[in-house]
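Worksheet: the structure to be examined is printed underneath.
Protein chains: 2
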Amino acid sequence: MTHMSPKIPCKQCPLRATGAFSANTDSEIEFIEHMKKREISVGAGSSILREGDDRKELFTLLSGWAFRYRTLSDGRRQIFNFLLPGDFIGLQHQLDARHPHGVETLTESTLCVFPSDRLWDLYRTHPALGFDITWLTANEELIVDENLLSVGRRSATERIAMLMIHLYKRAERLGMVEPDGLRLPLNQQHIADALGLSLVHTNKTLKRLNAAGLYTLKDGRLKLVNPAAMARLADYYALPLRPRPLI
Amino acid sequence: MTHMSPKIPCKQCPLRATGAFSANTDSEIEFIEHMKKREISVGAGSSILREGDDRKELFTLLSGWAFRYRTLSDGRRQIFNFLLPGDFIGLQHQLDARHPHGVETLTESTLCVFPSDRLWDLYRTHPALGFDITWLTANEELIVDENLLSVGRRSATERIAMLMIHLYKRAERLGMVEPDGLRLPLNQQHIADALGLSLVHTNKTLKRLNAAGLYTLKDGRLKLVNPAAMARLADYYALPLRPRPLI
DNA sequence: GGAGGGCAATGTAGTAAGACATAGCCGCGA
DNA sequence: TCGCGGCTATGTCTTACTACATTGCCCTCC
Chain A
-19 MTHMSPKIPC KQCPLRATGA FSANTDSEIE FIEHMKKREI SVGAGSSILR EGDDRKELFT
41 LLSGWAFRYR TLSDGRRQIF NFLLPGDFIG LQHQLDARHP HGVETLTEST LCVFPSDRLW
101 DLYRTHPALG FDITWLTANE ELIVDENLLS VGRRSATERI AMLMIHLYKR AERLGMVEPD
161 GLRLPLNQQH IADALGLSLV HTNKTLKRLN AAGLYTLKDG RLKLVNPAAM ARLADYYALP
221 LRPRPLI
Chain B
-19 MTHMSPKIPC KQCPLRATGA FSANTDSEIE FIEHMKKREI SVGAGSSILR EGDDRKELFT
41 LLSGWAFRYR TLSDGRRQIF NFLLPGDFIG LQHQLDARHP HGVETLTEST LCVFPSDRLW
101 DLYRTHPALG FDITWLTANE ELIVDENLLS VGRRSATERI AMLMIHLYKR AERLGMVEPD
161 GLRLPLNQQH IADALGLSLV HTNKTLKRLN AAGLYTLKDG RLKLVNPAAM ARLADYYALP
221 LRPRPLI
């Protein structure tokens, strides 16, 4: 399932070509490339990190979709966030001997793997990269805040509208939206677990939103028919599009 | 309401005396002290940051309680987290021109104020402090994750149990628990807004937990009668007690 | 071609939680 | 001493959401 891939040189990183990420100096990119231990490719539904793991590694999702979650001891699961290319994984690990959450892929994915014991070197020799890592962490927190607002205070309909528009915008920025829509690899159980809803209620609410003509979903391709109405429904406020760091 | 206080030298910071925080070198403490622009004291219910603010400042809560929240345009409010002494405020601001959330005090509080344009200097000249800031950010995210798990997947009873034990443990670590219990400056509306519940339902659930003998709350003093039962109810997992950074 | 698994759709019934209204308590200030 | 505002308490009614059960569709695998 998991296997090593030939290591793509960071200088030719396909993500950097999208324009969504901020530039780095040659020295910084060399450092990242040197720190990058290997690259792995995994299938859909693979576990990258398990809850309670003590693996000391950091990852950058290079391609594919994944999600971060945690389960209660009786099996109830909450998805914290969905991960898209460029997202950084594993920092929480610094806080505890074990990983507080799990990470699982939704599609075939490739990931860059970094040993976490090089992290301190990174801060010491390239403070700008250290700053970038803080940025990425703060950004992740911002998204979780937003999800908490959804789950805590939005209705089921609003939550789904919010999730759709939010994922759509994030993917759009990475150039993942194609003419026939966005390939959305979530099933209804994922949506339910991300939004704190039951599977059945998610299904019914999705149908209602669909019947209202707000979106179409054919063969896993999502199209927002009326993004403005969707955004209004969700009380969505878009952050300005600025290049973001990439490690 | 807000007024400047005489600046406490960081070396004699009362928080450092609690033992809950990790040590810093003299040079680091000098840098922090130099970066600290001023100190402010505010009353209970003061707004430190408003949603949408464009103030470019960072804060450390030196004493008192506060909370971080956001409101939807129709007024529904979600509290993301409660802030205790030592918590760092304002980093999200780096991501956008405006502050995505508000911060309000629950008690009289004092805060250290740092200009955010010194932040880059901090990373450059004291990488270990940069690392600490990442740590604090990741830690905040961890707590929000936990809250999202509560609001998304725990029952009302479990949510309240979780909130109580979580706040209790955090406060305990800072030496804020006194023989007659912990001074808890939240009202039921705060609890409701943090847990995604209505005020009425919060009230009834509190009463039930109280009747079950799990806690007592007299004159704002919280005591956990049976912390183990509370923890079991909440499926609570405590992070190991390690010293944490302080800026 | 049939069995089986993963997923969406739908009906029914039950319940946890919300909405609304009201009342009591307490501290505070005029 | 009275009224007022902030907070907790409680009752009743409603509903959004969950739990459970079933059906149907589309794959894939033998």
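Taken in order, these protein sequences are the chains called A and B.
Heads up: the first sequence at position 164 corresponds to 144 in the working numbering, and the numbers run straight through without jumps.
Heads up: the second sequence at position 107 corresponds to 87 in the working numbering, and the numbers run straight through without jumps.
Where a beta carbon is used, it is the ideal one built from N, C-alpha and C, also for glycine.
Discussion item. Starting from Ser27/B, trace the beta strand (DSSP E) in both directions and tell me its first and last residue.
Written reply: 27 to 29
Fill in: Interface residues of chain A facing Ala120/B [CB-CB closer than 7 Å]
As written in the sequence, residue 120/B is Glu, which differs from the Ala given in the question. By Cβ distance, chain A contributes Glu121.
Worksheet item: If you measure from the beta carbon of Ser96/A to each beta carbon in chain B, is any gap under 7 Å?
Response: no
Item to complete: Look at the Cβ atom of Thr115/B, then the Cβ atom of Pro223/B, and state whether they are nearer than 7 Å.
Response: The identity of residue 115/B in the sequence shown is Trp, whereas the question assumes Thr. No, the Cβ-Cβ distance between Trp115/B and Pro223/B is not below 7 Å.
Discussion item. Which residue wins for smallest C-alpha separation from Ala172/A, given the options Thr137/A, Asp6/A, Leu71/A?
Written reply: Thr137/A
Worksheet item: Among all the DSSP beta bridges, which residues are the ones paired with Glu88/A?
Response: Bridge partners of Glu88/A: none, in fact.
Worksheet item: For Pro165/A, which residues from the same chain have a beta carbon less than 6 Å from its beta carbon, with the 5 sequence-adjacent residues on both sides left out?
Response: Contacts found: Trp45, Leu86, Thr87.
Worksheet item: What separation, rounded to the nearest whole angstrom, lies between the Cα atoms of Leu177/B and Leu129/A?
Response: Spanning the two alpha carbons is a distance of roughly 12 Å.
Discussion item. For Tyr195/B and Asp215/A, I'd like the C-alpha separation in whole angstroms.
Written reply: 38 Å
Item to complete: Could you work out which residues of chain A lie near Pro220/B, taking near to mean beta carbons separated by less than 9 Å?
Response: Asp76, Ala77
Worksheet item: Are Thr105/B and Ile227/B closer than 7 Å when you measure CB to CB?
Response: no
Item to complete: List the whole-angstrom C-beta distance separating Lys17/B from Val93/B, where the pair is believed to meet the contact cut-off of C-beta under 8 Å.
Response: 5 Å
Worksheet entry | Assigned secondary structure, Ser7/B (DSSP; H/G/I helix, E/B strand, else coil) | helix
Worksheet entry | Limits of the unbroken alpha helix (DSSP H) element including Ile123/B | Segment 107 to 133, the alpha helix (DSSP H) holding Ile123/B.
Practice prompt. Output the boundary residues of the alpha helix (DSSP H) element that contains Val205/A.
Written response: Run containing Val205/A: none; DSSP gives neither H nor E here.
Discussion item. Quick check on Asp160/B: buried or exposed, where buried means 16 or more other Cβ atoms within 10 Å of its Cβ?
Written reply: By the neighbour-count definition (other C-beta atoms within 10 Å, threshold 16), Asp160/B is an exposed residue.
Worksheet item: Quick one: is Pro107/B near chain A, going by C-beta distance under 7 Å?
Response: yes
Worksheet item: For a contact meaning CB atoms closer than 7 Å, what does Leu128/B contact in chain A?
Response: Gln58, Phe60, Val124, Asn127, Leu128, Val131
Worksheet item: Whose C-alpha, out of Glu158/A, Leu154/A, Ile123/A, is nearest the C-alpha of Leu143/A?
Response: Ile123/A
Worksheet item: Residue range of the beta strand (DSSP E) that Gln168/A falls in?
Response: From DSSP, Gln168/A is part of no beta strand (DSSP E) but of the alpha helix (DSSP H) over 168 to 175.
Worksheet item: Using a beta-carbon distance below 7 Å, is Gln168/A in contact with chain B?
Response: For Gln168/A, the closest Cβ of chain B is not nearer than 7 Å.
Item to complete: Could you please tell me which residues of the stretch 138 to 156 of chain A, in chain order, have their CB closer than 9 Å to any CB of chain B?
Response: Glu138
Worksheet item: If you pair each beta-carbon of the stretch 187 to 202 of chain A with each one of the stretch 63 to 77 of chain A, do three or more pairs fall below 8 Å?
Response: no
Discussion item. Closest to Leu213/B by C-alpha separation, out of Leu52/A, Arg35/A, Gly66/A, Arg98/A, would be which residue?
Written reply: The shortest C-alpha to C-alpha distance from Leu213/B to any of Leu52/A, Arg35/A, Gly66/A, Arg98/A is the one to Leu52/A.
Worksheet item: Can you list the residues of chain A that Ile113/B reaches, using a CB-CB cut of under 8 Å?
Response: Thr114
Worksheet item: Taking the alpha-carbon positions, what's the Thr90/A to Arg(-4)/A distance?
Response: 15 Å
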